[in-house]
Structures are given as C-alpha cells and as structure tokens.
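Presented below is the structure to which this report refers.
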Amino acid sequence: MSETDQLCKACGQPAPPQEAFNEDRPPSAAGQTIFSQGRIYPFAFYGETGPLTGLYLKTFLLSLATLGIYSFWGRAAIRRYLYAHMELDGHRFAFHGTGRELAMGALKMAGVILAMVVQSLLWYLLFEESLASVAGSLVFYAAAVLLTPFALVGSWRYRLSRTSYRGIRFGFTGTVGELFPSYLKWIAFTILSLGIYTPVMGAHLRRYFCEHARYGNAPFAFDGDGAELIGPLIGSGLLAPFTLGLSLFWYRVRKFRFYWTHTTFQGARVRTDVSTSEMLWLSVVNAVATLLTLGLAAGWAHVRYLEYVSRHVTLDGVINLDHVVQSAQSASAAGETLSDFLDVDGVDLGL
Amino acid sequence: MTAATYFDGRTAAARPVKVTRAPAAGGVAGLRLITEAGETIDWPPGSFRLASRDAQGVRLETNEPLPRLLVGGADLLALALAAGAAAPRDGVEFPFRRLVLWAVPVLAAGFALFIYGLPLFGAA
Chain A
1 MSETDQLCKA CGQPAPPQEA FNEDRPPSAA GQTIFSQGRI YPFAFYGETG
51 PLTGLYLKTF LLSLATLGIY SFWGRAAIRR YLYAHMELDG HRFAFHGTGR
101 ELAMGALKMA GVILAMVVQS LLWYLLFEES LASVAGSLVF YAAAVLLTPF
151 ALVGSWRYRL SRTSYRGIRF GFTGTVGELF PSYLKWIAFT ILSLGIYTPV
201 MGAHLRRYFC EHARYGNAPF AFDGDGAELI GPLIGSGLLA PFTLGLSLFW
251 YRVRKFRFYW THTTFQGARV RTDVSTSEML WLSVVNAVAT LLTLGLAAGW
301 AHVRYLEYVS RHVTLDGVIN LDHVVQSAQS ASAAGETLSD FLDVDGVDLG
351 L
Chain B
1001 MTAATYFDGR TAAARPVKVT RAPAAGGVAG LRLITEAGET IDWPPGSFRL
1051 ASRDAQGVRL ETNEPLPRLL VGGADLLALA LAAGAAAPRD GVEFPFRRLV
1101 LWAVPVLAAG FALFIYGLPL FGAA
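Listed in order, the protein sequences are those of chains A and B. Mind the numbering: the first sequence is residues 1 to 351 in the working numbering, read in order. Mind the numbering: the second sequence is residues 1001 to 1124 in the working numbering, read in order.
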C-alpha cells in the first residue's frame, strides 16, 4: 500500500499505524491472536466507489422495475459488499443475510405498518380535519413508541446473527419481554422530565444492547453513564437557534463518541477520535454531492463516510480470539423492516 | 501449492494451511487444505465460493450454516477457480463494465424523464 493510501481521504490526516506498537506485543502461544494492552488495532474500509455505485444503480433500477420488490435483494447485496470490505486487524467482516429474508420480514411487518398508516386516515371519517389530524398523529406516535423495542430487538438480533468475523457469527440474546418493562419506565421518565432524561435512557438502551450482544460466545459490555450527556444536550438545544442547528450536530457527534468509547469487548475498549468539524464537513459535502447528482454520488458518499469512521475508530486492549467459540442463532428480519419504518437504529456505524 | 489462513467455523482461531488441488475422481477436483499437523480437509467443487477479493487478499467461504473461511493471496483465487468454486453471491463483485451497463439505462431513463416527463407533468 502506498503512502498516499495511508491518508484518510475524508480528513487528509494520516491514518493510525496498524502495527505501531509491535514491540509491546507479548509473546503469544503458537497460532494465538493477542490484542495487547497499548496496541491499537484500527478498523479499515476498502470499499470502492465504482462497485458500490453500480450496486446502488442496479438496486434503484430493478426496484423501480419491480415496484420495490427487488429492493430487499439490493439492500442485502449492498450490505454484503460493505461488510466484506470492512476490516479489523487484517480480517474482514461478512454479512450472510439474504434478500429473501428481508422480503419475508417486510411481509410479516406489512400488516402492522399498514394498520398504523390506515388508522391515521380513519380519524378523518369520524372527526373534523384538525381534530382527526391530532388524534391520528397521537395514536401513530404512541404506537411507534410502543413498537420501538420490538424493532430494536428484532433488528439487532437479525443484523448480528447474520454478521461474522473470522468465521464466527455475532449474536444477540436480548428479548422484548425482558426489555419492555424497563423501556416503559425510561419512556415515562423522559416524558416527565420534558426530554432531559433522553441521554440517560439512550445509555440504558445502549447498555442493554451491548450486554446482550455476543461475538460467538463472548459478550460485549457498556460502562457509560448517560447523565454525562445531559449537560451537552441542554446546551446544544439552547444554542440551536443561534448556531443554525450546528450545536445539535455537535451533540450527535458527542453522543457517537460517548457510545463507542464506553463499549468494551473482553476488556478491550473501543476508541474514537472523530471530530465535529470533520464530520460536519464530510456530511455537508456528501449531502451536496448526492443532491447535485440526483443520488448518483450516494455510493461515493457512503464510501467516504465509512472510510472516515473506520480510520477514526480503533480497538485497544487484550483479547484472545482463539477461545471464542461459534454460537449461531436464528432470527427473522421482521424487526429490521420495523426499525427502518420507525427510523430507529442502534448500530450506528453506517453499515 | 499455496499458503493460506483457515478458519474452521467452530472457533475464531486462525490456522495456517497449505492449499492444493484435491485428487480428481473424474471431473473437477476441488480444494485440499493441509494443516500444520498434517490433517487434510477437502472442499469438493461447488461447496465453496468467493466471499471477496481485492488488493489486500482473497477470501473463500463454504456454505451455511457453519461457514468456513480461507484467506490467501491472488494465487489462491486462481487455484479456487480451477478447483470449481461456485459463483459468488450478489454484491461480492461488481466490475466496471457492469457499472457502465447499469449506468447507461439509468442515465437514459433520467434524461428521458427530464426531456419528456417534466413537460408532461407540467401540462397536467
């Protein structure tokens, strides 16, 4: 790889050296893989604009021709490409999901989504326009809030069970039944606190999802306290009118850093140095390019984003992957469809 | 014979292997993996496929539910293709000529929509 390739294409800064601390690496038993303390292993993304743009174009055209049916197969293919080009310590991730699974999941959830949309229209038959609009929206959002745990659990379970690294599948052991009572409590606190509790609720959710996520038989963990984000949330909210919303973007990046730097795996901690200014510039350029090219640059923008994130997120610590054992899990893609519809997603890496 | 890294799908441990063509019993031969301990593992033709390839290496995978993985260099790909690798899944590869093949109708459709569709829409 040339010197130029070592520069982050999004921010122009040198990428973290992959073997910067080789001398600190402790002697390992034959064939064992050791992530040692103080040794930083960055992620790397090797996807290219051409193939991804091609996949986007193909998905768009065939989805148009099949009235959206092909979109499930297209999405699976795009995800397969993205995962296959995301690397950690010289090894790629893989996505094993299929378009058929996504289509079946969508079919299962179609009734729920249809009911949510239809009920908002039915109110117009019973009440006058303004009242019907309020009632329809209230029921819609109440249903969306209640369905969110189903969407999140289903989405995580499906996505992780279809992802592998070094031939070992990820998995998710959480259940809606277990999460739902706590979720209702957090929602009540959030409403009563006029939204100030939101970061604490977010951290609780993150902890639940991390602690029930597995790589083979090895669990992840989360040690963040959401109270840390209350100040930034209030500050960014108050400053939003004076900064044209830029403070909210700053909060989003702050939350990204908070979530990832408090995530651990077998004692190894995720580190990230993504900066607000670089993320802002990246997002603005990506949005403008995608808009000006009527979506043709979407692949290019996606590659830029993943290159940036992968170069600024690393793993640091001691892990012995040789002891990680396969623990495959079956899962339906229904939650994936619902999470798309409700626009909730916990796996915020852009994959 | 070429060197590669093998993941058996049971643990995440990487095992160095030598890869060669399996002895043919009529037709295409398949792949034979030889571990450091001398154990041989045969991958029959059609039971494995390309998972991804680029400048960093080539990855072959077997079918579900317990995917086994073989990672190596460009010579592994040549060996795999000769040994009857199955067609890769959609999304694994998308060569430039296929991009052109898909881009031409998209651009033509967009152009036609702009020239003919918008005036029709405006008139309606």
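A virtual CB, placed ideally from N, CA and C, is assigned to each residue, including glycine. Please read all numbers here as calculations on a predicted model, not as lab measurements.
Give the DSSP-derived three-state secondary structure of residue i in the structure shown.
i	result
A1109 (chain B)	helix
A188 (chain A)	helix
I40 (chain A)	strand
E1061 (chain B)	strand
G177 (chain A)	helix
L107 (chain A)	helix
Y46 (chain A)	coil
I196 (chain A)	coil
M1001 (chain B)	coil
N286 (chain A)	helix
G68 (chain A)	coil
H91 (chain A)	strand
F127 (chain A)	coil
F220 (chain A)	strand
F209 (chain A)	helix
A240 (chain A)	coil
T293 (chain A)	coil
L147 (chain A)	helix
F1094 (chain B)	coil
R159 (chain A)	helix
Note down, in chain order, each residue of its chain lying with its Cβ closer than 6 Å to the Cβ of residue i, except the 5 sequence neighbours on either side.
i	result
G1091 (chain B)	none
Y183 (chain A)	P149
W300 (chain A)	T49
A1109 (chain B)	none
M86 (chain A)	F45, F93
I'd like to know whether the C-beta of residue i is nearer than 8 Å to at least one C-beta of chain A.
i	result
A1108 (chain B)	no
F1007 (chain B)	yes
L1033 (chain B)	no
F1094 (chain B)	yes
T1011 (chain B)	yes
W1102 (chain B)	yes
P1067 (chain B)	yes
G1073 (chain B)	no
R1059 (chain B)	yes
S1052 (chain B)	yes
Just to check my reading of the structure: residue i and residue j have Cβ atoms closer than 8 Å, yes? What is that Cβ distance to the nearest angstrom?
i	j	result
R75 (chain A)	L102 (chain A)	6 Å
N1063 (chain B)	S1047 (chain B)	6 Å
L338 (chain A)	L138 (chain A)	That pair is no contact at about 20 Å.
T1035 (chain B)	V1017 (chain B)	5 Å
V1028 (chain B)	P1045 (chain B)	4 Å
Y83 (chain A)	A94 (chain A)	6 Å
T172 (chain A)	H212 (chain A)	First, the amino acid is wrong: residue 172 (chain A) is Phe here, not Thr. Confirmed, about 6 Å.
R252 (chain A)	G224 (chain A)	The Cβ separation is near 16 Å, so there is no contact.
Y197 (chain A)	F209 (chain A)	Contact flag wrong, Cβ pair sits at about 18 Å.
H91 (chain A)	R162 (chain A)	The Cβ separation is near 17 Å, so there is no contact.
Tell me which residues share the same chain as residue i and place their Cβ nearer than 7 Å to its Cβ, disregarding the 5 neighbours each side in the sequence.
i	result
A1013 (chain B)	none
I168 (chain A)	Y215, G216, V324, Q326
W260 (chain A)	V270, T272, V313
H262 (chain A)	F222, D223, G224
Spell out whether any CB of chain B is found under 8 Å from the CB atom of residue i.
i	result
V325 (chain A)	yes
Y84 (chain A)	Strictly speaking, residue 84 (chain A) in this sequence is Ala, with Tyr absent from that position. True, the Cβ-Cβ gap to chain B drops below 8 Å.
E19 (chain A)	Caution applies to E19 (chain A), whose pLDDT of 38 falls short of 50 and renders its modelled position unreliable; the model cannot decide the point.
A213 (chain A)	no
L167 (chain A)	Per the sequence presented here, residue 167 (chain A) reads as Gly, with Leu not at that position. Yes, because at least one Cβ of chain B sits closer than 8 Å to the Cβ of G167 (chain A).
F256 (chain A)	no
G54 (chain A)	yes
S339 (chain A)	no
Y46 (chain A)	yes
K58 (chain A)	yes
R80 (chain A)	yes
P51 (chain A)	yes
Report buried or exposed for residue i, applying the criterion of at least 16 other Cβ atoms within 10 angstroms of its Cβ.
i	result
P199 (chain A)	buried
Y1116 (chain B)	exposed
Y41 (chain A)	buried
T1011 (chain B)	buried
S120 (chain A)	buried
G105 (chain A)	buried
Y141 (chain A)	exposed
P149 (chain A)	buried
L192 (chain A)	exposed
L152 (chain A)	buried
R100 (chain A)	exposed
V117 (chain A)	exposed
K58 (chain A)	buried
M109 (chain A)	buried
Going along the chain, which residues of its own chain have a beta-carbon closer than 8 Å to the beta-carbon of residue i, five neighbours each way excluded?
i	result
A368 (chain A)	Since the first and last residues shown for chain A are 1 and 351, residue 368 (chain A) lies out of range.
L1079 (chain B)	T1002, V1019, T1020, R1021, L1031
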